[in-house]
Each structure stands twice: as C-alpha cells, then as structure tokens.
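First up is the structure itself, then whatever we jot down about it.
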Amino acid sequence: MSEVASGAISEQEATCYRKAFPIFDHTTYLNSCSLGPLSVQAMEALTRFQDDWSRYGAPVWWKEWLGKIAGAKSRFAALIGAQPHEVTVSHSVSSALASVAGTFDYRRRPAVICADLDFPTIPYQWLGRSREVELRYARSEDRIRVPLDAYRAHMDGSVALIATSHTFYTTGHIQPVRELADLVHAHGGRLVVDGYHAVGVHPVDVKALDVDFYVGGTLKWLLGGPGLTFIYVREELIPELQPQSSGWFASGDQFAFDAMHLDLAPSADRLQLGTPAVATAYAGVAGMDMILEAGPERIYGRIQMLTDRLVERAQSAGYGILSPLEAGERGGIVMLQVAEPQRTVENLADRGFTVDYRPGLVRVSPHFYNTMDDVDGLMDALAEVQRSLLSR
Ligand SMILES: Cc1ncc(COP(=O)(O)O)c(C=O)c1O
C-alpha cells in the first residue's frame, strides 16, 4: 500500500459515507467522473433554497443568496489552496474558459497549445478564435499521457498560453502541472488548467503548482450537480485582466447601476458575467462540505486503493488498460478495453452496476464511498458479460 493510501478512508468509513446517497439502494454506482450522485445533504440544501426563496421574495438576495455564493467561492478556494478573492464562479467549464480566453491579447502572441487528449471544450475555446489564434496540439503517443516534450516541441515566444487538463478525462492520467507551468513561464506565457477531474479526487494546491488560471466545478467529483463552476486567477494577474465579455457582476460597485462606466472588481469577480444560478450554490456547498469533511488527501488514498484493485483485476482478466498503471500517476478514472463497450455497460446496468463507455472503452470511476466489494462485484459481472457477449 502506498504512503498516501495508508491514511486513506477505510472500508468501514466508505460504507458509512455511501448511506448518504440513495442511488446505492438500487445500483452500485461507479460513474462519479460523469456525474456525482445526489446526496441527502444536497437534496435538503435544494429544499432550503426553495424555502428561502418562498419565505423572503427579493430580500432573499441579501438574507441568503449572496452569502451562499460567497460560501461557494470560499469552499472552492479552500479546495485548491487559493485565497477567496482569487476565485469567482461561472456556470460551466466552457463559460469559465471562455472568460479566461477573452483576457488574452493574441496580437503579440497568437499561439495556444492544447493536448489532443483534452476534453474538446478546452481546445474549442481557441478553435472558436481561429481568426486571431493559431492552435497547436501536443500529441499523445501511448494514448494515455502527453509527454512534456510534446508541449516543449511547440514552445516559443509566440505562445500566449498552454491550456490543458490537470487530469485527463480520457485516461485518468494526472499531468505534471508544475513542470508545465515552469515550461510556459520560461517562455513568458501563461498556464490555464481544467481541473474538473482533479479537485475532489486528489489534493490540489494552485500555489505549489504555480498555475495562472485554474477552473473546475461541482458536477462530478464535488457532488453538487450541474451549473456551478469556478475560475481561479493568480492574485498578481488580477489587476491586468481585461475581459472581452462582461456583465454587472464583474463591476466593482454593481449596485451603483452606473451605465456610463465599467470599473472592474479588484478581485477574480471581474471575470463574472450575470446573475449566478443560485440553486446550484446550495447543492454545491453541500457537496463540497462532504469532500472537505472527508478530506482530499484521504479521499485520494481510497481512490488509489480502489483503482489499484481495478487495475489488478483487469490485468488478471487480460483486458487492455488505457490508464496509467502506477497509482501515483492516476486519478479516479480507469479505462478498460473490452469487447462491445456500449452493450457491456448496458448489461452491467441490468446486473446492478453503473459505469460508462467512451469509444472502444468502458470507463470506471470510483469515489470515496465505493468499497472493494463494489470493485470485485463489478469485475465479476464484467467477466460474465464479456463471456456471454463473446460466445454469441
Ligand atoms: C475535463 C472536462 N472539462 C469540461 C467538461 C465539460 O464542461 P462544461 O459542460 O461545464 O462546459 C467535461 C465534461 O463534462 C470534462 O470532462
């Protein structure tokens, strides 16, 4: 067992945590990287959202809602080691990245580097700016990770930024973000990181990583559902940020209602647009409180144990694995090469296991409430399903 795993959430604690998720009453849920399951705490928070709205009407903004948004920001900040004023909220990772992409002046530095294993919405931000941006792709050879040299090969003084994932949705590989930061900074560029599959899976410290911008959200591992994401901006960069899209929540004095001047907020809020989706902050705070209470370090220890077992079982069954074999390089995602992934996932659902598929692969993503029995049960069921599909 690795050093991290020795402080991991125990089997007994995992069994306790899962009681908060009614979905386990009818299926063994191993798909947290697509959508984190709904907890009783998040359900109660959503009920409180309705109660507050119904009780106060418009004054609910002062009495509850603005405080809830501030609470969401401070929890995001706590999860990534940032200060609250370095973090603001957005609606999706795409909108967060679009806000960030709009702060760069591409006339002097037109080049942007993304990885070919990134979730498409990352490069789309810059493909959508093809009149001013030249997008370069760092490519993977093993289809699991992108070597640092693949980024280095594209680096020169025309690069405005590298924008890539902390942990790849495709393979679960945790990228060496600090090395990427050093590389791009040495050439005078910036680093933008999508941490959707990192925050809530393994500890994240944006200061130690030396990233310039970092985005993520509550949909998956943070257990808060859709509609709430965040943008981190390194403190020193905030005063120079001039977003191309704006709104009254970006103003330093939004309730002055001054239509003649836009004085941007002196915090990361200068990247905000309009009214936040407040209901999502209620659920998001509930989800993030569970993660903070369980502790990212101990969650990561548990995820490593569970994914180690998945890898071990997959190897002995002879399935291909399109994820790192080393636990220290792997997040919460294990990709298995099996016959007929879509049909396999459907058959597994009939047997009481929820996992997901991507072209050619079955994707398994356990979280801190999963047990070794979940993994063993899944792998036994997978063997049965494969046998029956291959014998047709
Ligand atoms: C790494 C990553 N980034 C971004 C997204 C999508 O972000 P959004 O729909 O919030 O724009 C996903 C998938 O949902 C993802 O896996």
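If you read the sequence shown in the working numbering, its first letter stands for residue 5, the second for the next number, and so on.
Note that the Cβ used here is the ideal one computed from N, Cα and C, for glycine as well.
These numbers come from a predicted model, not from an experiment.
**Contact between the stretch 70-77 and the stretch 179-197 (3+ Cβ pairs under 8 Å)** = They do not touch, by the three-pair rule.
**Request:** Entirely within the stretch 299-352 and at least 4 residues each: give me those alpha helix (DSSP H) ranges in chain order.
**Result:** Scanning the stretch 299-352 for uninterrupted alpha helix (DSSP H) segments of 4 residues or longer gives 300-321, listed from N- to C-terminal end.
**Prompt:** Which residue's Cα is closest to the Cα of Arg113: Ala164, Arg133, Met159?
**Reply:** Of the listed residues, the one whose Cα sits closest to Arg113 is Ala164.
**Prompt:** Excluding sequence positions up to five away, which residues of its chain have a Cβ less than 6 Å from the Cβ of Asp267?
**Reply:** Taken in chain order, the residues that qualify are Gly256.
**Prompt:** For the stretch 162-248, which segments carrying the alpha helix (DSSP H) assignment without a break, of at least 4 residues, lie completely within its bounds, in sequence order?
**Reply:** Segments of the alpha helix (DSSP H) lying fully in the stretch 162-248: 181-190, 210-213.
**Asked** Counting pairs of beta carbons, one from the stretch 132-139 and one from the stretch 152-161, are three or more of them closer than 8 Å?
**Response** As far as the Cβ criterion goes, the stretch 132-139 does not touch the stretch 152-161, which means the pair count is below three.
**Prompt:** Can Gly176 and Val338 be called in contact, C-beta distance under 8 Å?
**Reply:** Cβ distance < 8 Å, so Gly176 and Val338 count as in contact.
**Message:** Below 8 Å on the Cβ atoms is my contact criterion, and I expect Leu34 with Thr358 to pass it. Report the Cβ-Cβ distance as a whole number of Å.
**Reply:** That pair is a contact at about 6 Å.
**Request:** Please classify Tyr128: does DSSP put it in a helix, a strand, or coil?
**Result:** Judged by DSSP in its simplified three-state form, Tyr128 adopts helix.
**Message:** Buried or exposed for Val237, going by 16 or more other Cβ atoms inside 10 Å?
**Reply:** Burial call: buried.
**Trp65 to Gly40 span [Cα, whole Å]** = Each residue's Cα considered, the two are about 28 Å apart.
**Request:** Note the first and the last residue of the continuous alpha helix (DSSP H) segment covering Arg367.
**Result:** First-last for Arg367: 365-368, but that is the beta strand (DSSP E), not the alpha helix (DSSP H).
**Asked** Smallest Cα separation from Leu314: which of Met292, Asp384, Ala82, Arg274?
**Response** When each option's Cα is compared against that of Leu314, the closest is Asp384.
**Prompt:** Considering only residues of the same chain and omitting the five flanking positions on each side of Arg156, which have a CB-CB separation below 7 Å?
**Reply:** The answer, listed in chain order, is Leu187.
**Ala283 versus Gly229, Ile307, Gly336, residue with shortest Cα-Cα distance** = Scanning Gly229, Ile307, Gly336 for the CA closest to the CA of Ala283 turns up Gly229.
**Message:** Does the beta-carbon of His158, which I'm using as the reference point, lie nearer than 7 Å to any heavy atom of ligand 1?
**Reply:** No, the Cβ of His158 stays beyond 7 Å of every heavy atom of ligand 1.
**Request:** Going by CA-CA distance only, name the one from His206, His265, Glu239 that's closest to Trp225.
**Result:** Nearest in C-alpha terms to Trp225, of all of His206, His265, Glu239, is His206.
**Message:** Taking 8 Å as the cut-off, does the stretch 239-248 touch the stretch 293-300 (at least 3 CB pairs, one atom from each stretch)?
**Reply:** Verdict: no, contact absent.
**Prompt:** Using 8 Å as the limit for Cβ to Cβ distance, is Trp130 near chain D?
**Reply:** Protein chains in the displayed structure number just one, and chain D is not present.
**Request:** Measure the CB-CB distance between Val219 and Ala100 and report whether it falls below 8 Å.
**Result:** Annotated as proximal: Val219 and Ala100, with beta-carbon spacing under 8 Å.
**Request:** Pair every Cβ in the stretch 48-59 with every Cβ in the stretch 385-396, then say whether three or more of these pairs are closer than 8 Å.
**Result:** Too few Cβ pairs lie closer than 8 Å, so no.
**Request:** Tell me, to the nearest whole angstrom, how far the beta carbon of His191 is from that of Thr171; I am working on the premise that it is less than 8 Å.
**Result:** Contact between His191 and Thr171 does not hold, since the beta-carbon distance rounds to 24 Å and is not under 8 Å.
**Prompt:** Arg140 bridges to which residues according to DSSP?
**Reply:** For Arg140, the beta-bridge partners assigned by DSSP are Ile117.
**Request:** Would you give the residue range spanned by the beta strand (DSSP E) that Ser99 belongs to?
**Result:** First-last for Ser99: 97-105, but that is the alpha helix (DSSP H), not the beta strand (DSSP E).
**Asked** Can the beta-carbon of Glu183 be found less than 8 Å from the beta-carbon of Leu152?
**Response** Going by C-beta atoms, Glu183 is nearer than 8 Å to Leu152.
**Item:** Backbone secondary structure at Arg362 - three-state DSSP
**Value:** In the three-state reduction of the DSSP assignment, Arg362 falls in the strand class.
**alpha helix (DSSP H) segment containing Ser78, residue limits** = Note, Ser78: alpha helix (DSSP H), 70-84.
**Request:** Consider the C-beta atom of Ala96 and the heavy atoms of ligand 1; say whether any pair is separated by less than 7 Å.
**Result:** Note on residue identity: the sequence assigns Ser, not Ala, to residue 96. At least one heavy atom of ligand 1 lies less than 7 Å from the C-beta of Ser96.
**Boundaries of the beta strand (DSSP E) in which Thr92 is found, first to last residue** = Note, Thr92: beta strand (DSSP E), 91-94.
**Prompt:** Are the stretch 20-34 and the stretch 260-278 in contact at 8 Å, needing three or more beta carbon pairs?
**Reply:** Counting Cβ pairs under 8 Å, fewer than three are found: no touch.
**Request:** Quick one: residues in its chain with C-beta nearer than 8 Å to the C-beta of Met376, no 5 flanking neighbours on either side, listed in chain order?
**Result:** Take Met376, set aside five residues on each side of it, and the residues of its chain with a beta-carbon closer than 8 Å to its own are Glu15, Met309, Leu310, Arg313, in chain order.
**Of the residues Phe25, Pro345, Gly381, the one placed nearest Gln390, counting alpha carbons only** = Taking only the C-alpha atoms, the option nearest Gln390 is Pro345.
**Asked** Which parts of the stretch 12-49 are runs of the alpha helix (DSSP H), unbroken and 4 residues or longer, counting only runs that do not cross its ends?
**Response** Segments of the alpha helix (DSSP H) lying fully in the stretch 12-49: 15-21.
**Asked** How many Å lie between Ala287 and His371 at the Cα?
**Response** Across the structure, Ala287 and His371 are spaced so that their CA atoms are roughly 18 Å apart.
**Prompt:** By how many angstroms is the C-alpha of Ala185 removed from the C-alpha of Val208?
**Reply:** Each residue's alpha carbon lies about 14 Å from the other.
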